[in-house]
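Numbering (the UniProt record's numbering), first residue to last: 1 to 195.
Following this line, the structure appears as C-alpha cells:
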C-alpha cells in the first residue's frame with residue numbers, strides 16, 4: 001500500500017486522482033501508524049514551506065523518519081523541497097533526506113515563477129524515468145529551486161540549470177508535478193508505484 005501524506009492542501013487530492021488511473025492501493029493520511037505501515041510514501045507539495053514544515057512537526061514525521069527512510073519516498077514540488085536540508089523560503093531547516101539548500105529564483109531578468117510545461121533533461125539512469133524519453137515535458141509551478149548536486153538525476157532550466165529530479169537510494173524528489181503532466185506524468189507515477 002502507498003500513503004500520500006496529507007499536508008492539508010489540495011495537492012494531495014490531485015495526486016490521488018492521478019494515482020487512481022494506476023492503482024487503488026493507496027490512502028491519503030496524516031496518521032503516523034498508517035504512514036509507517038505503507039510500503040511507499042508520497043510527499044505532495046503545494047503552498048508554503050512554513051505551513052508544510054509546521055504540519056510535519058504536528059504529524060511527528062521527524063520522529064519516525066528513520067522508519068520511513070528505508071522505504072521508497074517520492075517528494076513532489078514543495079514535497080521535494082522539504083526533503084532537502086534547508087529552504088530559504090522562511091529560512092527553515094527541513095527533513096535533510098537530500099543534501100542541499102533550496103534557493104529562490106532571481107527576478108533580475110524575468111518573472112521569478114517558473115510555471116508551465118518545460119523539458120526535463122535526464123542526466124542519470126533512474127527507475128523513475130523508465131520508458132520516459134529524454135527531454136520529455138513536465139508541468140512546473142515554483143519560485144524556489146534546488147541547485148544541481150551529486151544526487152541530481154535530471155535538470156531543467158529557468159535562467160540557470162536546476163535539479164528537476166533527485167535521487168538518493170530509494171528517496172526521490174521531482175520539482176515538477178507528474179499529476180499535472182499528462183501521460184508522461186502517469187508513466188513516472190507508475191514507475192514509482194512499481195518500485
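For glycine and all other residues, C-beta sits at the position ideal for the given N, C-alpha and C.
| Query | Result |
| --- | --- |
| Touch test, the stretch 76-90 against the stretch 23-36, Cβ-Cβ under 8 Å, three pairs minimum | no |
| Proximal residues to residue 21 (C-beta, below 7 Å), its chain only, five neighbours per side dropped | 186 |
| Any 3 or more C-beta pairs closer than 8 Å across the stretch 1-12 and the stretch 37-53 | yes |
| DSSP beta-bridge partners of residue 115 | 141 |
| Helix, strand or coil at residue 53 according to DSSP, with G and I counted as helix | helix |
| Beta-carbon gap between residue 155 and residue 121 smaller than 7 Å | yes |
| Segment contact flag, the stretch 131-144 with the stretch 173-183, C-beta cutoff 8 Å, min 3 pairs | yes |
| Helix, strand or coil at residue 184 [DSSP, three-state] | helix |
| Limits of the alpha helix (DSSP H) - the one that residue 67 falls within | 61-68 |
| Residues bridged to residue 87 (per DSSP) | 92, 102 |
| The alpha helix (DSSP H) enclosing residue 146, as first and last residue numbers | Here residue 146 belongs to no alpha helix (DSSP H), and DSSP marks it neither H nor E. |
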